[in-house]
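Presented below is the structure to which this report refers.
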Amino acid sequence: MTEKFLDSCDPIDSRQFIIAIKKLADDIGYGSDRSTFLGSGIEYVQSRAYQIGDPIKSIDWKVTARTGKFHVKEYEAPKQMPIYLLIDTSASMTISSTHISKYAAAIRIAGGIAFAALDRISPVGVIGAGGRDLFVKPSLSADRILQWILKLRSYRVDEPTRVGARLSELMPILPSRSMIIVISDLHD
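Numbering (our numbering), first residue to last: 523 to 710.
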């Protein structure tokens, strides 16, 4: 059985689409993910009492001079937080009263968020929440992200909504420190 896909959900061509989502990504602010772990990072967190085995180069000499006991500096370790985009690919997303459907807007938003996340050096994955069993593991590859965004531009008109079911399936298998962004009309 062959699946029937419509050509595109968006009235603009692929080249204009790529430019539009990269512009959207540039407009989204820059930030960084905070880590719950201490290690050799850039951001100073605190000083603590020296323990046997701590590297000598991490001694906080100002605190040591003030207290008379050795203290070491602790820094926040850099951490990448994977971002999962859960995109509703159901039939309700294709309905529109304007020239651009909810689905086309969702794909543009997903593309903008994906490229903004890449600018922050956060890996991005995509999960389909319709009839397609789409799951792309998080990646830092702009080419791979662009490939799945362009693939998502084609859609079926008979897909059911499975946002809640997909979230229930994914929660046990996703890493504990990950971000899930749901892009949906929440119409069941």
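We treat Cβ as the ideally placed atom computed from N, Cα and C, and that holds for glycine.
Fair warning: this is a prediction, and the values are worked out from it, not measured in the lab.
In the DSSP assignment, lysine 595 falls outside any alpha helix (DSSP H) and lies within the beta strand (DSSP E) extending over 593 to 598. Each of Glu596, Lys584, Thr683 and Ile705 was checked against the Cα of proline 577, and the nearest Cα belongs to Glu596. Arginine 630 places its beta carbon 8 angstroms or farther from that of valine 594. The stretch 602 to 611 and the stretch 638 to 649 touch, with three or more beta-carbon pairs separated by less than 8 angstroms. Aspartate 610 is positioned such that its CB atom lies closer than 8 angstroms to that of glycine 652. Between leucine 662 and leucine 696, the CB-CB gap reaches or exceeds 8 angstroms. Counting other Cβ atoms within 10 Å of its Cβ, tryptophan 583 stays below 16 and is therefore classed as exposed. Per DSSP, arginine 666 lies in no beta strand (DSSP E); the unbroken alpha helix (DSSP H) holding it starts and ends at 664 to 674. Straight-line spacing of the CA atoms in lysine 673 and glycine 634 works out to 15 angstroms. The bridge partners DSSP lists for glutamate 565 are Glu598.
8 angstroms or more divides the Cβ of isoleucine 581 from the Cβ of leucine 668.
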